[in-house]
Amino acid sequence: MLTTPGIQPDIFQELLLKHYKSNRTCKSTDIKVVEIEGSACDVPTFRSFVVPANKVRDWLTQDESASQNGEEHSRDNTRARIILGSGHRVAGEYARPGGGIVLGVAGQHSPLLFMPFSQDDYDLVERSFRLPKVTKLLLTTGSQLLRGHCDVHQILLDGNSQIFGLTLYPFSSLLVGIKISVSLSYDVATGAINALLIGSELPGDLGSLEEDLRHLAPLASNPFLLPTLVCQRLTEAIGASIGSNFNALHRVETSSGQTGIGVLGNDGNAMHPGRCDDPQLPVAILGLAQMAIAIETYIRGHALTVNSVREELRRFPWHLLPATERARAQEQNELLAKQLDWITQSLEISKLRAGHLRQRADVQAMAINNLLSQRNNETTCAMAGASTRIAHDTRRDSAAMKSIAILTMVFLPATFIATYFTTPAMVATQPSQSLYWAVTLAVTAVVITSWLVFFYGWVKARLENAQ
């Protein structure tokens with residue numbers, strides 16, 4: 002590696018730290034430490050313990066003091082030490098419906114982020130474990146880092162001791178169930194490995210990784226074991242997320258009734274299809290389509306992570322290892338390479354499943370939309386029929402009212418004249434019956450003639466306006 006006089010080798014690391022530094026404060030939480038001793042033996046010793054939050058700094062200080070006093074482990078007693086820590090209130094994540102976990106932008110309600118270490122302890126962590134300085138960047142405290150990247154570089158050259166640092170920030174998210182990052186240091190001469198793994202997993206722990214490390218303790222002397230396990234864990238999380246979304250899709254298809262695929266319930270019996278009565282079905286199917294698109298993106302991003310780990314495994318300077326360890330390292334590398342190939346094949350299968358999920362979600366969304374449109378059309382037709390019936394009834398009532406008006410017009414003059422003839426003034430003159438009929442017929446004729454003239458004029462005006 003070429004160097005320029007006067008320029009520090011870690012100038013870009015300091016630049017990253019400057020730009021990605023967060024002003025939020027972090028509160029320490031409990032951490033779990035996994036230690037594997039005698040990794041070069043056939044039966045390594047595995048142990049794990051929890052360091053309480055109020056004892057984390059004391060534990061780090063003691064470990065740093067031991068390192069300064071020269072307490073190094075021999076090659077036969079190589080110790081791989083891995084710190085597993087879960088963070089809370091991760092910034093900028095989605096909320097999983099029904100998960101019971103409320104995730105949002107950190108700092109909206111509280112300025113604290115609960116992480117494995119407080120902000121002041123990170124320098125101590127780096128010194129104690131000789132971790133790369135980008136360890137601080139593993140925290141998601143307001144900065145969005147480049148994901149899907151694995152980087153290996155030499156971080157310390159002290160005499161004959163060559164230490165390499167490895168950082169891994171996978172393309173992960175709590176949207177698929179896990180968010181995780183790794184920072185690791187590897188001493189080529191002694192084989193000592195120190196790793197810091199920070200993750201946010203929906204169950205709240207990283208127990209599955211601890212179990213994998215327990216079963217694969219003979220491989221713990223290889224610095225690429227932990228990145229490989231992280232890639233595998235994330236691949237499993239993606240597969241589980243696809244499976245849970247398929248179950249949700251089956252429920253939506255059954256509720257809408259727009260499916261020809263029979264679905265069995267928890268009791269083993271076939272579920273009866275619904276009639277799309279739930280008003281939340283369009284929202285549910287929209288969420289599934291969005292999840293399918295997001296999962297496809299995370300699969301492609303995670304494939305970049307796996308390829309990056311494979312490439313760094315291939316390019317690592319294994320010739321720097323002691324001659325007695327090269328054959329063992331080559332055997333381990335072959336096993337890890339096969340596992341990475343299997344992860345890649347699993348991602349290809351997951352990509353097909355995610356594509357199938359998205360296509361079925363699109364088809365179901367179209368079917369629900371068509372069904373709702375059909376129901377809207379039926380409702381509109383029913384309303385139009387009701388309006389037609391109301392119009393017919395109104396016309397019938399109007400014809401009846403017209404008949405009543407005509408009869409009233411004909412008989413009202415006779416009624417008025419009869420009433421007038423019964424007044425005391427007219428009774429005193431003793432009018433004859435012939436006079437009543439003469440007056441009544443004359444008045445009725447005048448009223449009917451007036452109405453006919455008015456009606457003729459109204460009809461004529463309507464016809465002229467129509468023309």
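Take any residue in the sequence shown, count from 1 to its spot, add 1: that is its number in the numbering used here.
Virtual Cβ for every residue (Gly too), placed ideally from N, Cα, C.
What you are looking at is a predicted structure, and each value in this text was computed from that prediction instead of being measured.
At what residues does the beta strand (DSSP E) containing residue i begin and finish?
i: Gly-458; result: Counting along the chain, Gly-458 falls outside any beta strand (DSSP E), though it belongs to the alpha helix (DSSP H) covering 434-467.
i: Val-34; result: 32-38
i: Val-307; result: Counting along the chain, Val-307 falls outside any beta strand (DSSP E), though it belongs to the alpha helix (DSSP H) covering 282-316.
i: Val-51; result: 46-52
Can you check which of these residues, the options, is closest to residue i by C-alpha distance?
i: Ser-184; options: Ser-201, Leu-227, Phe-118; result: Leu-227
i: Tyr-1; options: Thr-255, Glu-254, Val-231, Thr-423; result: As shown, the chain starts at 2 and ends at 468. That puts residue 1 outside it, with no answer to give.
i: Glu-36; options: Thr-30, Arg-82, Val-57, Asn-55; result: Arg-82
i: Asn-371; options: Tyr-421, Gly-258, Thr-30; result: Gly-258
i: Lys-180; options: Phe-165, Leu-167, Leu-198; result: Leu-198
i: Leu-337; options: Gln-360, Glu-313, Lys-352, Leu-287; result: Glu-313
Using the Cα positions of residue i and residue j, report the straight-line distance between them to the nearest angstrom.
i: Met-367; j: Leu-250; result: 14 Å
i: Gln-340; j: Ser-49; result: 25 Å
i: Leu-1; j: Gln-468; result: Examination of residue 1 is not possible in this model, given that the chain is present from 2 through 468 alone.
i: Gln-431; j: Thr-389; result: 58 Å
i: Leu-321; j: Arg-234; result: 30 Å
i: Arg-315; j: Leu-125; result: 32 Å
i: Phe-456; j: Ile-449; result: 10 Å
i: Ser-174; j: Ile-296; result: 10 Å
i: Pro-224; j: Thr-62; result: 25 Å
i: Arg-329; j: Gly-208; result: 28 Å
i: Leu-442; j: Thr-409; result: 15 Å
i: Ile-164; j: Gly-192; result: 9 Å
i: Arg-215; j: Ser-186; result: 20 Å
i: Ala-387; j: Leu-358; result: 43 Å
i: Ala-426; j: Ile-405; result: 32 Å
i: Thr-395; j: Ser-435; result: 43 Å
Excluding five sequence neighbours on each side, which residues of the same chain lie with their C-beta closer than 6 Å to the C-beta of residue i?
i: Val-177; result: Ala-238, Ile-239, Ser-242, Tyr-299
i: Ala-285; result: Val-253
i: Arg-354; result: Ile-243
i: Ala-385; result: none
i: Trp-438; result: none
i: Met-292; result: Asn-246
Residue i lies in the alpha helix (DSSP H); which residues open and close that run?
i: Gly-192; result: Run containing Gly-192: none; DSSP gives neither H nor E here.
i: Arg-396; result: 324-422
i: Arg-215; result: 208-216
i: Ala-221; result: Taken as a continuous stretch (DSSP letters only), Ala-221 belongs to no alpha helix (DSSP H), as it is neither H nor E.
i: Leu-125; result: 123-130
Leaving out five residues on either side along the sequence, give the residues of the same chain with a beta carbon under 7 Å from the beta carbon of residue i.
i: Val-444; result: Pro-414, Ile-418
i: Ser-162; result: Asp-188, Ala-190
i: Asp-363; result: Ala-290
i: Ile-344; result: Cys-232, Gln-233, Thr-236, Val-307
i: Trp-60; result: Val-52
i: Phe-317; result: Val-153
i: Phe-172; result: Arg-148, Gly-149, Tyr-299, Gly-302, His-303, Leu-305, Thr-306
In chain order, what residues of the same chain lie with their CB nearer than 8 Å to the CB of residue i, ignoring the 5 residues before and after it?
i: Ala-401; result: none
Whole-angstrom Cβ separation of residue i and residue j, contact assumed at under 8 Å?
i: Asn-195; j: Arg-128; result: The pair is not a contact, with the Cβ atoms about 11 Å apart (cut-off 8 Å).
i: Leu-85; j: Leu-210; result: 7 Å
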